[in-house]
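**Student:** Just dropping this structure here.
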Amino acid sequence: GLVSFILVAIVLGIIVRNTVGLSAAFAPGVTFCLKKLLRLGIIMLGIRLSIVDVLEIGAFGIPIVVGAVLTGLVVATVATRRLGLPQRLGTLIAIGTAICGATAIVATAPGIRAKEEEVAYAIANITVFGIAAMLFYPFLGSLIFAGGVVEVGLFLGTSIHETAQVAGAGLIYDQSFNVTTSPSAADIAIVTKLVRNVLMVIVIPLITYVYVRRQRAEGEETGRGTRVVDMMPVFILGFLAMAAFRSIGDAGIESSGTAYGIWGAAAWDDVVHSIRTVAEYCLAMAMAAVGLGTSVSQLKGLGFKPFLVGIAAATAIGAVSIGLVFLFAPLLTV
Numbered sequence: 011g012l013v014s015f016i017l018v019a020i021v022l023g024i025i026v027r028n029t030v031g032l033s034a035a036f037a038p039g040v041t042f043c044l045k046k047l048l049r050l051g052i053i054m055l056g057i058r059l060s061i062v063d064v065l066e067i068g069a070f071g072i073p074i075v076v077g078a079v080l081t082g083l084v085v086a087t088v089a090t091r092r093l094g095l096p097q098r099l100g101t102l103i104a105i106g107t108a109i110c111g112a113t114a115i116v117a118t119a120p121g122i123r124a125k126e127e128e129v130a131y132a133i134a135n136i137t138v139f140g141i142a143a144m145l146f147y148p149f150l151g152s153l154i155f156a157g158g159v160v161e162v163g164l165f166l167g168t169s170i171h172e173t174a175q176v177a178g179a180g181l182i183y184d185q186s187f188n189v190t191t192s193p194s195a196a197d198i199a200i201v202t203k204l205v206r207n208v209l210m211v212i213v214i215p216l217i218t219y220v221y222v223r224r225q226r227a228e229g230e231e232t233g234r235g236t237r238v239v240d241m242m243p244v245f246i247l248g249f250l251a252m253a254a255f256r257s258i259g260d261a262g263i264e265s266s267g268t269a270y271g272i273w274g275a276a277a278w279d280d281v282v283h284s285i286r287t288v289a290e291y292c293l294a295m296a297m298a299a300v301g302l303g304t305s306v307s308q309l310k311g312l313g314f315k316p317f318l319v320g321i322a323a324a325t326a327i328g329a330v331s332i333g334l335v336f337l338f339a340p341l342l343t344v
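As structure tokens, this is what we get:
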């Protein structure tokens, strides 16, 4: 049916947080789910793909990702200037919308001396539009792309802000529309999003450099840099390792009838299925934590002008993503 357990987990989390409330005692658990379990779930999802699939999806996703990222940066920057907002706030909203949500915002903030309230505003902004997109885009994608799994996956991976939100949207689509193909929309969306995450290593230092040069030219004090190693999402390597583990095992079954000289074909299928199941449970708990971490009262404090910057950037990225997916998706053969 059209109601997936991932969607239910998110919505129930939001309802609980904004009605009953969330005791401070549960905050460490929510953080653990959002950070550790989410990454573990994404790493283990690598078992669903061969390393060849990952590299092919990633390569074809690059032009769509680059187009969407550049659009987000340009639109957010222009909107910030037009609305007379602080350049730092506009930079944070731009980088969070275009690349990787809160992670990119936190990584960029020290280099441009962003104030705490600017960081909070930017994160609240991308939270609002990211959650809305996570719940709405799976169904919009189905409508626009007539159920094309590859197209929907590329669209979700390039147009939604946070890695958690992309994973949630992909799983909502797969479960709502009974997708059984491999790779599924969630697989394609996550690989595409991981390509976006890698761009942090290039874009954040570049954005910081441009900002610092401009501020120095105006005689203002600048911030400290952020180490490239701090920006690299290490779980991407885990995802690739799991895809390689699957590929080597499959090759062993084809050549000798055993995976790693240990598992026969039936046992290897059980191993792969077990890892996939654990991954989905980890992501379900992470999605519930996304809901539990969404406080409507805190989001009300977001000013109207930053809201306009966020909606302009998110809308532009979505539109460009749709156009580029129509252009490039037919070339992808997975």
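If you want the working numbering, it's the 1-based position in the sequence shown plus 10. Glycine included, every Cβ here is placed at the ideal spot set by N, Cα and C.
If we count the other Cβ atoms within 10 Å of its Cβ and call it buried at 16 or more, is E126 buried or exposed?
**Tutor:** Label assigned to E126: exposed.
**Student:** Between L17 and the rest of its own chain, which residues show a CB-CB distance below 6 Å, the 5 nearest in sequence each way excluded?
**Tutor:** The residues are I182.
**Student:** Could you check the C-alpha separation between T113 and V176 for me, to the nearest Å?
**Tutor:** Distance between the alpha carbons of T113 and V176 is about 14 Å.
**Student:** Assign R226 to one of two classes, buried (16 or more other C-beta atoms within 10 Å of its C-beta) or exposed (fewer than that).
**Tutor:** Exposed.
**Student:** Could you tell me the alpha carbon to alpha carbon distance between Y131 and A276, rounded to whole angstroms?
**Tutor:** Approximately 51 Å, taken between the alpha carbons.
**Student:** So F146 and H171 are in contact, right, with Cβ under 8 Å, and what is the actual spacing, rounded?
**Tutor:** F146 to H171, Cβ: 13 Å. No contact.
**Student:** Pick out the complete beta strand (DSSP E) segments inside the stretch 74-140, 3 residues or longer, and give them in chain order.
**Tutor:** If we require 3 residues or more, the stretch 74-140 turns out to have no beta strand (DSSP E) run fully inside it.
**Student:** Please say whether G303 and V21 have beta carbons closer to each other than 8 Å?
**Tutor:** No; because the gap between Cβ atoms is not below 8 Å, this pair is not in contact.
**Student:** Within this structure, are the beta carbons of N135 and S305 separated by less than 8 Å?
**Tutor:** Result no, Cβ atoms of N135 and S305 do not sit closer than 8 Å.
**Student:** Among N188, G267, I141, which has the Cα closest to the Cα of G157?
**Tutor:** Closest option to G157, Cα to Cα, is N188.
**Student:** Where DSSP assigns a beta bridge to A269, which residues make up the other side?
**Tutor:** Looking at the DSSP assignment, A269 forms a beta bridge with W273.
**Student:** Would you say A199 and G163 are within 8 Å of each other, going by their C-beta atoms?
**Tutor:** A contact, by the Cβ cut-off of 8 Å.
**Student:** What number of angstroms, rounded off, separates the C-alpha of A261 from the C-alpha of G274?
**Tutor:** A261 and G274: Cα-Cα distance of roughly 12 Å.
**Student:** Examine chain D for any beta-carbon lying closer than 8 Å to the beta-carbon of L342, and answer yes or no.
**Tutor:** Among the chains in the structure shown there is no chain D, since it carries only a single protein chain.
**Student:** Nearest to A124 by alpha carbon, out of V75, K45, I52, T218?
**Tutor:** Residue T218 is the option with its Cα nearest to A124.
**Student:** On the premise that T168 lies in contact with T202, defined as a C-beta separation below 8 Å, what is that separation, rounded to the nearest angstrom?
**Tutor:** Yes, they are in contact, since the Cβ atoms of T202 and T168 sit about 6 Å apart, within 8 Å.
**Student:** How big is the Cα-Cα spacing for A119 and V129?
**Tutor:** Going by the C-alpha atoms only, they are around 7 Å apart.
**Student:** Please go through the same chain and pick out, in chain order, the residues whose beta-carbon is closer than 8 Å to the beta-carbon of V62, but skip the five residues on each side of it.
**Tutor:** Taken in chain order, the residues that qualify are S257.
**Student:** Mapping the DSSP letters down to three states, classify P340 as helix, strand or coil.
**Tutor:** Helix, per DSSP.
**Student:** Name the residue from I214, L65, L80, I53 whose alpha carbon lies nearest to the alpha carbon of G121.
**Tutor:** Closest option to G121, Cα to Cα, is I214.
**Student:** Report back the beta-carbon spacing between G82 and A326 to the nearest angstrom; my notes put them in contact at under 8 Å.
**Tutor:** G82 to A326, Cβ: 7 Å. Contact.
**Student:** Using only CA atoms, which one of T90, R98, A254, A86 lies nearest to A104?
**Tutor:** Among T90, R98, A254, A86, the Cα nearest to that of A104 belongs to A86.
**Student:** Measure from the alpha carbon of V76 to the alpha carbon of each residue in N207, L250, S266, E290, then state which is nearest.
**Tutor:** Nearest C-alpha to V76: N207.
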